[in-house]
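I have placed the structure first, in the form of structure tokens, so that the comments after it can refer back to it.
4 protein chains.
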Amino acid sequence: MEIGFIGLGQMGKAIAGRLLGSGHRVRVWNRSPQAVQELVANGAQAASQPAGLGKVDFLLSMLANDAATRAVIVDQGLLDAARPGLIHLNLATVSVGLAKELAELHRQRNIGYIGAPVFGRPDAAAAGKLHVVVAGDPATVAKAQPVIDAIGQKSWPVGDQPEHANVVKIAGNFMIASAIETMGEAVALTRSYGVKADTFLDILTNTLFAAPAYKVYGSMIAVEKYTPAGFPAPLGLKDVRLALTAADANNVPMPFANVLRDSLMELIATGGGDNDWVAMAKVAARRAGL
Amino acid sequence: MEIGFIGLGQMGKAIAGRLLGSGHRVRVWNRSPQAVQELVANGAQAASQPAGLGKVDFLLSMLANDAATRAVIVDQGLLDAARPGLIHLNLATVSVGLAKELAELHRQRNIGYIGAPVFGRPDAAAAGKLHVVVAGDPATVAKAQPVIDAIGQKSWPVGDQPEHANVVKIAGNFMIASAIETMGEAVALTRSYGVKADTFLDILTNTLFAAPAYKVYGSMIAVEKYTPAGFPAPLGLKDVRLALTAADANNVPMPFANVLRDSLMELIATGGGDNDWVAMAKVAARRAGL
Amino acid sequence: MEIGFIGLGQMGKAIAGRLLGSGHRVRVWNRSPQAVQELVANGAQAASQPAGLGKVDFLLSMLANDAATRAVIVDQGLLDAARPGLIHLNLATVSVGLAKELAELHRQRNIGYIGAPVFGRPDAAAAGKLHVVVAGDPATVAKAQPVIDAIGQKSWPVGDQPEHANVVKIAGNFMIASAIETMGEAVALTRSYGVKADTFLDILTNTLFAAPAYKVYGSMIAVEKYTPAGFPAPLGLKDVRLALTAADANNVPMPFANVLRDSLMELIATGGGDNDWVAMAKVAARRAGL
Amino acid sequence: MEIGFIGLGQMGKAIAGRLLGSGHRVRVWNRSPQAVQELVANGAQAASQPAGLGKVDFLLSMLANDAATRAVIVDQGLLDAARPGLIHLNLATVSVGLAKELAELHRQRNIGYIGAPVFGRPDAAAAGKLHVVVAGDPATVAKAQPVIDAIGQKSWPVGDQPEHANVVKIAGNFMIASAIETMGEAVALTRSYGVKADTFLDILTNTLFAAPAYKVYGSMIAVEKYTPAGFPAPLGLKDVRLALTAADANNVPMPFANVLRDSLMELIATGGGDNDWVAMAKVAARRAGL
Numbered sequence: 078m079e080i081g082f083i084g085l086g087q088m089g090k091a092i093a094g095r096l097l098g099s100g101h102r103v104r105v106w107n108r109s110p111q112a113v114q115e116l117v118a119n120g121a122q123a124a125s126q127p128a129g130l131g132k133v134d135f136l137l138s139m140l141a142n143d144a145a146t147r148a149v150i151v152d153q154g155l156l157d158a159a160r161p162g163l164i165h166l167n168l169a170t171v172s173v174g175l176a177k178e179l180a181e182l183h184r185q186r187n188i189g190y191i192g193a194p195v196f197g198r199p200d201a202a203a204a205g206k207l208h209v210v211v212a213g214d215p216a217t218v219a220k221a222q223p224v225i226d227a228i229g230q231k232s233w234p235v236g237d238q239p240e241h242a243n244v245v246k247i248a249g250n251f252m253i254a255s256a257i258e259t260m261g262e263a264v265a266l267t268r269s270y271g272v273k274a275d276t277f278l279d280i281l282t283n284t285l286f287a288a289p290a291y292k293v294y295g296s297m298i299a300v301e302k303y304t305p306a307g308f309p310a311p312l313g314l315k316d317v318r319l320a321l322t323a324a325d326a327n328n329v330p331m332p333f334a335n336v337l338r339d340s341l342m343e344l345i346a347t348g349g350g351d352n353d354w355v356a357m358a359k360v361a362a363r364r365a366g367l
Numbered sequence: 078m079e080i081g082f083i084g085l086g087q088m089g090k091a092i093a094g095r096l097l098g099s100g101h102r103v104r105v106w107n108r109s110p111q112a113v114q115e116l117v118a119n120g121a122q123a124a125s126q127p128a129g130l131g132k133v134d135f136l137l138s139m140l141a142n143d144a145a146t147r148a149v150i151v152d153q154g155l156l157d158a159a160r161p162g163l164i165h166l167n168l169a170t171v172s173v174g175l176a177k178e179l180a181e182l183h184r185q186r187n188i189g190y191i192g193a194p195v196f197g198r199p200d201a202a203a204a205g206k207l208h209v210v211v212a213g214d215p216a217t218v219a220k221a222q223p224v225i226d227a228i229g230q231k232s233w234p235v236g237d238q239p240e241h242a243n244v245v246k247i248a249g250n251f252m253i254a255s256a257i258e259t260m261g262e263a264v265a266l267t268r269s270y271g272v273k274a275d276t277f278l279d280i281l282t283n284t285l286f287a288a289p290a291y292k293v294y295g296s297m298i299a300v301e302k303y304t305p306a307g308f309p310a311p312l313g314l315k316d317v318r319l320a321l322t323a324a325d326a327n328n329v330p331m332p333f334a335n336v337l338r339d340s341l342m343e344l345i346a347t348g349g350g351d352n353d354w355v356a357m358a359k360v361a362a363r364r365a366g367l
Numbered sequence: 078m079e080i081g082f083i084g085l086g087q088m089g090k091a092i093a094g095r096l097l098g099s100g101h102r103v104r105v106w107n108r109s110p111q112a113v114q115e116l117v118a119n120g121a122q123a124a125s126q127p128a129g130l131g132k133v134d135f136l137l138s139m140l141a142n143d144a145a146t147r148a149v150i151v152d153q154g155l156l157d158a159a160r161p162g163l164i165h166l167n168l169a170t171v172s173v174g175l176a177k178e179l180a181e182l183h184r185q186r187n188i189g190y191i192g193a194p195v196f197g198r199p200d201a202a203a204a205g206k207l208h209v210v211v212a213g214d215p216a217t218v219a220k221a222q223p224v225i226d227a228i229g230q231k232s233w234p235v236g237d238q239p240e241h242a243n244v245v246k247i248a249g250n251f252m253i254a255s256a257i258e259t260m261g262e263a264v265a266l267t268r269s270y271g272v273k274a275d276t277f278l279d280i281l282t283n284t285l286f287a288a289p290a291y292k293v294y295g296s297m298i299a300v301e302k303y304t305p306a307g308f309p310a311p312l313g314l315k316d317v318r319l320a321l322t323a324a325d326a327n328n329v330p331m332p333f334a335n336v337l338r339d340s341l342m343e344l345i346a347t348g349g350g351d352n353d354w355v356a357m358a359k360v361a362a363r364r365a366g367l
Numbered sequence: 078m079e080i081g082f083i084g085l086g087q088m089g090k091a092i093a094g095r096l097l098g099s100g101h102r103v104r105v106w107n108r109s110p111q112a113v114q115e116l117v118a119n120g121a122q123a124a125s126q127p128a129g130l131g132k133v134d135f136l137l138s139m140l141a142n143d144a145a146t147r148a149v150i151v152d153q154g155l156l157d158a159a160r161p162g163l164i165h166l167n168l169a170t171v172s173v174g175l176a177k178e179l180a181e182l183h184r185q186r187n188i189g190y191i192g193a194p195v196f197g198r199p200d201a202a203a204a205g206k207l208h209v210v211v212a213g214d215p216a217t218v219a220k221a222q223p224v225i226d227a228i229g230q231k232s233w234p235v236g237d238q239p240e241h242a243n244v245v246k247i248a249g250n251f252m253i254a255s256a257i258e259t260m261g262e263a264v265a266l267t268r269s270y271g272v273k274a275d276t277f278l279d280i281l282t283n284t285l286f287a288a289p290a291y292k293v294y295g296s297m298i299a300v301e302k303y304t305p306a307g308f309p310a311p312l313g314l315k316d317v318r319l320a321l322t323a324a325d326a327n328n329v330p331m332p333f334a335n336v337l338r339d340s341l342m343e344l345i346a347t348g349g350g351d352n353d354w355v356a357m358a359k360v361a362a363r364r365a366g367l
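Chains as they are written, first to last, in the working numbering: chain Z, 78 to 367; chain C, 78 to 367; chain V, 78 to 367; chain X, 78 to 367.
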């Protein structure tokens, strides 16, 4: 079988590399050519335009956001070039609205479409250790399972409509952002009484909150290290907005998400646009005059 | 050495029992006699009033809140009856304000005072597996270390003023409440799109949020089990108010804590006063018409 | 001069009627024909489609929202049919984004475009007593001034870009919504102590808050009369979302607006979609168990 | 009849002066002597200590806060010195909790007690133009009506328990603070699009919001004049806390009040403790990078 891969940013490159490394045939396209050259050097075929991936068995895409996804998949003709029976796994964090729209566009063309966003960072992707959230038509998912298994340590089926996977991913990212804000406020409180951030966080992240989301971001808050950004504030804000937009469509109040958006907007509006989104903790401290 | 123990609620009884079980001499007092009888059956001495514990080497107290602590320790004469040199470890979650006040009252009488609130539930207490947050004069803490080690699997020194420990405990409880609200909102969002609560929480609490705070409360949210309460909403509200009061005193804005207070007040005001505080998730769902 | 008028809802019909009543020649179009017939009976000319208004001197439009505005003005060919030199006054509450987009589309065709949203209800419109917020190229506004004066008791110039008027109108509506929520919370508080809503509101709306926004909505809160809706909750939510969307684009945190959106979503999600938006006060009371 | 007056701050001095000016016999006490001397020069009698006012017919007090009220009225013996039948009108903005407590202490001594907080500034007080919110036993209020009429242009009876008046006053102050925050956010939004603050506020405060609360504070926001403070931020924060404390006691969520507290705490924590509370608008702008 042949796998097409579109979108070779940090995550995409790592996943495509993983597929090549485990012996799959992979045909790639990317807007900028450098990442393509690296993968070609490792055995990938290169397509000169998105439509050049229309004949593969499985198409995987990992594009930056809704706009890039729409541009490459729909506007540049890839969907029209796709052969009936092709199965497209969209690994990106896109909006629930776009997921629904894409599902319909694929259905009209007899192309399979699976929502398959992932949890994990590039190093996990390179090692095939991602967690893949999967949603779509069960028969289609069954056919794609070998591909899913090739990129993830575990797949988590969440429903038979592709957007089910996206809302899970979006809600998960909201939970990470909430963990950051939570630590930011807790540290502002304890610091105001003279307890150091690392003293406080060391306790909590090794006991009740001994989980990756808290350990990773807690360690950054403890040393107040906010640049260079692993995940820049504007991307974090984009994700929080995805949650709020999805919630808005169903009239779901999310007061925590409101706070998160405001903290990230304040961070960016006051010069922190190049900070990691964990710098929400800096905003919490600043509000308290710390 | 002789240990005095005051406040034999669920937690207090478990800790006192642990001390007896590991061979310590323990003298107890409690407002209601039943718990006293149980411990006497296991070898404890009983005092007929709080002041009867004034001659012990170490006094441990685990009283329900500020009012009970003040009533028993100060108003009923225990402090006045205490011999100079006695060391009092206050295990309860009391306000920062009361901690400061007690520290001063002990200092005036040459009695040691250590803030020593604990993380852990009664079963952990019975097994000596608590995490003990410790703050106070270092020399005093050093003398009390054997007692601290007898009740906890680990002690976490956080400062040389007793209230340092209380603010850490209060901030930790705030983090737990935030985790609950976070899951409540995330589940409301995903449920509104047709993803079941347990499907969603199973993923997150086994990956990025694989930590006790999320697992314990996530499992309750997944099955919407809010009664009988392990930790009733009014106690949760009390703890959130401790955080807000401590923050208020230092002008530290905590927007998440505001949301938590409002959710818990709404829960209680609308008939959920007998629910576990995790029922904040029910409030989040109800606001969305779920 | 001839005036074209598009969008004959309650407000549009009243304004067009006012223009006819003061002796202007008016040519109208509306999606549903009934309102057209009423105005024709009063002397208006009817166009069979939007493009039929392309030759007037001044085009006034009062369409329900962004989608309707885009559909009628752009998609159905009116803009393409408009003669160069025509001046379009958009009276509707549209988004800042659409205002910018329309300004550009008009500029490309040498058609004047003025943002001219209004404050006031249908009875004020019928009497020519609206307040008209005006923004656009000063020379264009000067030419349109007689038309503006015909519909309003006063015009308020706020800038030379049409969207300036829209952001003012959007911010004004946000202020009304905030006044409602403010009264809702204040009444919940005072009612919880046994003070009746009308007793409380009578004082405030006749002293410090003796202004139309408070008097109109305060009188509805005092008698808990939320249906039939003068301004239904979903329209209010639309307006609050316009504020949040405009704020989002510029990274402006608006914590009050967040609360408003959540209250309106909760109102609608729990069955109050047919209520007036002033029923936010009912939500505030319900949260307190009142 | 003889009137006693305690608490000669700006407001108290103006009210006592008004009483003297309209021909009443007034006996005064104040912590600092200067204000006493001014009133004595205008015909007042001076008492050397609070208890010296125990024989008057009506006692009016206008003390700064709960602590001062408790200190002067209760702790310094005034209440114990008061003759049975004396009627005490408490004009100050005190907590609901203290109002209840004082009502009980007066009842035990057969002394009348009326909650009578006022709306209005010193100039209105000097002219007898205050609005007096009145609550207490109806027969007692009836006896005191001539005194109430002497200080206010209108009295507003709100209930038969003194704290009814206090919760009304507290809720009214909350409404003023909400109006400030509302304008602050609205101005941040419109400024971010290039509309000047005074342009925007001129429209709203002359139309829908043409009321004293908006005009007074709107004019300060328009010119960004926050010092010297007419009403300093710490006093505003005190009042918002009175609202939150009263709400807390009855489990009434007030999300707007939360925002207000956070804005005022942030203002003070970041160096604005000497600003007028209207500087909340500055905080709103700063969060948006304006």
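Glycine residues also receive a C-beta, built at the ideal position from the N, C-alpha and C atoms.
Leaving aside the five residues before and after residue 452 of chain V along the sequence, list all residues of the same chain whose C-beta is less than 6 Å from its C-beta, in chain order. The structure shown does not extend to residue 452 of chain V, since chain V spans only 78 to 367, so no value can be given for it.
Tell me which residue opens and which closes the alpha helix (DSSP H) that residue 175 of chain V is part of. The count along the third sequence starts at 1 and reaches residue 175 of chain V at position 98. For residue 175 of chain V, the enclosing alpha helix (DSSP H) begins and ends at 173 to 185.
Whole-Å CB distance - residue 253 of chain C paired with residue 290 of chain C, under 8 Å assumed: For the purposes of this step, residue 253 of chain C is identified with residue 176 of the second sequence, where counting begins at 1. For the purposes of this step, residue 290 of chain C is identified with residue 213 of the second sequence, where counting begins at 1. Contact flag correct, Cβ pair sits at about 5 Å.
Which residue marks the beginning of the alpha helix (DSSP H) containing residue 199 of chain V, and which one marks its end? Along the third sequence, one-based indexing puts residue 199 of chain V at 122. It spans 199 to 203 - the alpha helix (DSSP H) in which residue 199 of chain V sits, taken as one unbroken run.
Just checking: is the beta-carbon of residue 346 of chain Z within a distance shorter than 9 Å of some beta-carbon in chain X? The count along the first sequence starts at 1 and reaches residue 346 of chain Z at position 269. Yes, its Cβ sits closer than 9 Å to a Cβ of chain X.
Within 9 Å of any Cβ in chain Z, is that where the Cβ of residue 263 of chain X sits? Along the fourth sequence, read from residue 1 onward, the residue named residue 263 of chain X stands at position 186. No, because no Cβ of chain Z sits closer than 9 Å to the Cβ of residue 263 of chain X.
Give me the Cα-Cα distance between residue 160 of chain Z and residue 242 of chain Z, rounded to the nearest whole angstrom. By 1-based counting over the first sequence, the position of residue 160 of chain Z is 83. By 1-based counting over the first sequence, the position of residue 242 of chain Z is 165. Whole-angstrom Cα-Cα distance: 24 Å.
The stretch 339 to 358 of chain Z touching the stretch 307 to 321 of chain Z, judged by at least three CB pairs closer than 8 Å: Between the stretch 339 to 358 of chain Z and the stretch 307 to 321 of chain Z, the count of C-beta pairs closer than 8 Å reaches three or more; the two stretches touch.
Cα separation between residue 221 of chain C and residue 85 of chain X? In the second sequence, residue 221 of chain C corresponds to position 144, counting from 1. In the fourth sequence, residue 85 of chain X corresponds to position 8, counting from 1. Looking at the backbone, the Cα of residue 221 of chain C and that of residue 85 of chain X are separated by about 54 Å.
Any chain C beta carbon closer than 9 Å to residue 271 of chain V: Along the third sequence, one-based indexing puts residue 271 of chain V at 194. No - not a single Cβ of chain C is within 9 Å of the one on residue 271 of chain V.
Note the first and the last residue of the continuous beta strand (DSSP E) segment covering residue 138 of chain X. As a working mapping, residue 138 of chain X is identified with position 61 in the fourth sequence. 135 to 138 is the extent of the beta strand (DSSP E) around residue 138 of chain X.
Roughly how many whole angstroms lie between the Cα atoms of residue 115 of chain V and residue 202 of chain V? Translated into the one-based positions of the third sequence, residue 115 of chain V becomes position 38. Translated into the one-based positions of the third sequence, residue 202 of chain V becomes position 125. So the two alpha carbons sit approximately 16 Å from each other.
Quick one: is residue 215 of chain C buried, meaning 16 or more other Cβ sit within 10 Å of its Cβ, or exposed? Residue 215 of chain C sits at position 138 when you count from the first residue of the second sequence. In summary, residue 215 of chain C is exposed, with fewer than 16 beta-carbon neighbours lying within 10 Å of its beta-carbon over all protein chains present.
Please classify residue 125 of chain C as buried or exposed, where buried requires at least 16 other C-beta atoms within 10 Å of its C-beta. In the second sequence, counting from the first residue as 1, residue 125 of chain C sits at position 48. Classification for residue 125 of chain C: exposed.
Let me confirm a value: residue 187 of chain C is counted as buried when at least 16 other C-beta atoms fall within 10 Å, else exposed. Which label applies? Reading the second sequence from its first residue, position 110 is the one you call residue 187 of chain C. By the Cβ-count criterion, residue 187 of chain C is exposed, with fewer than 16 other Cβ atoms from all chains shown falling within 10 Å of its own Cβ.
When you check each C-beta in the stretch 326 to 343 of chain V against every C-beta of chain C, which residues fall closer than 9 Å? Taking 9 Å as the Cβ-Cβ cut-off against chain C, the residues of the stretch 326 to 343 of chain V that qualify are 332, 339, 342, 343.
Using a Cβ cut-off of 7 Å, pull out every chain X residue sitting near residue 365 of chain Z, in sequence order please. Position 288 of the first sequence, counting from 1, holds the residue named residue 365 of chain Z. Within chain X, the residues 346 have their CB atoms less than 7 Å from the CB of residue 365 of chain Z, given in chain order.
Under 9 Å between C-beta atoms of residue 336 of chain V and residue 336 of chain X: Numbered from 1 along the third sequence, position 259 holds the residue referred to as residue 336 of chain V. Numbered from 1 along the fourth sequence, position 259 holds the residue referred to as residue 336 of chain X. Yes. Within cutoff.
Straight-line Cα distance separating residue 139 of chain V from residue 224 of chain V: The sequence position of residue 224 of chain V within the third sequence is 147, counting from 1. The sequence position of residue 139 of chain V within the third sequence is 62, counting from 1. Residue 224 of chain V and residue 139 of chain V have their C-alpha atoms spaced approximately 14 Å apart.
Note down, in chain order, every chain V residue with its Cβ under 8 Å from the Cβ of residue 277 of chain X. Numbered from 1 along the fourth sequence, position 200 holds the residue referred to as residue 277 of chain X. Near residue 277 of chain X (Cβ distances below 8 Å), the residues of chain V are 235, 245, 248.
For a test of the three-state rule: what should DSSP assign to residue 41 of chain C, helix, strand or coil? Residue 41 of chain C falls outside the range modelled here, since chain C spans only 78 to 367, and no answer is possible.
Pull up the distance between the alpha-carbon of residue 261 of chain Z and that of residue 363 of chain C, whole angstroms please. Indexing the first sequence from 1 puts residue 261 of chain Z at position 184. Indexing the second sequence from 1 puts residue 363 of chain C at position 286. Between the C-alpha atoms of residue 261 of chain Z and residue 363 of chain C there is a straight-line separation of about 28 Å.
Would you kindly work out how many angstroms separate the C-alpha atoms of residue 319 of chain V and residue 174 of chain V, rounded to a whole number? Taking the first residue of the third sequence as 1, we reach residue 319 of chain V at position 242. Taking the first residue of the third sequence as 1, we reach residue 174 of chain V at position 97. C-alpha separation (whole angstroms): 10 Å.
Are there 16 or more other CB atoms within 10 angstroms of the CB of residue 129 of chain X, so buried, or fewer, so exposed? What you label residue 129 of chain X is simply residue 52 of the fourth sequence in a count that begins at 1. With 16 or more Cβ atoms within 10 Å of its Cβ, residue 129 of chain X is classed as buried.
Name the DSSP bridge partner or partners of residue 270 of chain X? Here residue 270 of chain X corresponds to residue number 193 of the fourth sequence, with the count starting at 1. When DSSP reads this structure, residue 270 of chain X sits in no beta bridge, so it has no partner.
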